[in-house]
Each structure stands twice: as structure tokens, then as C-alpha cells.
Amino acid sequence: MDVALESLAFLEKHIQGKKFFGEKIGYLDIVAGWISYWLNVLEELGEIELLNAERFPSLHEWSNSFIQTSPIKDCIPPREMVVEYFSFGINYVRSLASNE
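Here the sequence shown stands for residues 6 to 105, where the numbers follow the numbering used here.
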């Protein structure tokens, strides 16, 4: 968890005052954008809390605006599908752990 928080702090430092990590959406935005999308879903499911607005305000703002940018918003799977996918995975892992 500490490594994840350090990585998010690094990204927070480099995104401050910018709309994207470069002049326009680039490779780093695309890679980090998917991770932030998944983290938000996992936070919704109550499994983790990493990318909160108080701790990482610039990264949180970037994540929200990235998801709303065309063509990104046209390419991401519907949130409900991602929630269902992670819910299934979490429940499956828990069932395996309870059978041990």
C-alpha cells in the first residue's frame, strides 16, 4: 500500500497545474487513466481508498476530467460492467480463501 501511495504522490507532483501530463493526452495519461478508473471502482466497492480528493487533489481532478474527454469516454467500458467484474473477482477470491 505504501508503494502505491508513493507512486500516486509522484504523479500528483507532476500533474499539478496541468490538464494532462503533456500538452495533450499522451501515453502516460492513457496508462494512468485506466488505473485511476479501476481504483475508483474498487473504492466504490469498499476494498481500498487510495485516490481521494483530499490527499491527491490534482490527480483526482485530472482523473475525472480524463474520463470525460472524448474519445476516452467513448472507449471505456460502462462503470456498471467494471463494478460487476471486480465484484465477481473479489467474491471469487474470498470464496477460495474461505475454502482453505
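Here a beta-carbon is modelled for each residue, glycine too, at the ideal position from N, C-alpha and C.
First and last residue of the uninterrupted alpha helix (DSSP H) at Met-86: Per DSSP, Met-86 belongs to the alpha helix (DSSP H) from 84-103.
Using 7 Å as the threshold, is the C-beta distance between Leu-64 and Ile-35 below it? With a cutoff of 7 Å on beta-carbon distance, Leu-64 and Ile-35 are scored as not near each other.
Option in Gly-22, Ala-37, Lys-23 and Glu-28 with minimal Cα separation from Ser-12: Closest option to Ser-12, judged by alpha-carbon separation, among Gly-22, Ala-37, Lys-23 and Glu-28: Ala-37.
Using CA atoms only, rank isn't needed, just tell me which of Phe-91, Asn-104 and Ser-100 is closest to Asn-45. Comparing Cα positions, the closest option is Phe-91.
CA nearest to the CA of Trp-39, picked from Leu-50, Ile-72 and Asn-57: Of the listed residues, the one whose Cα sits closest to Trp-39 is Ile-72.
Ala-9 and Leu-55 closer than 7 Å at C-beta: Their beta carbons are under 7 Å apart, which means Ala-9 touches Leu-55 by this criterion.
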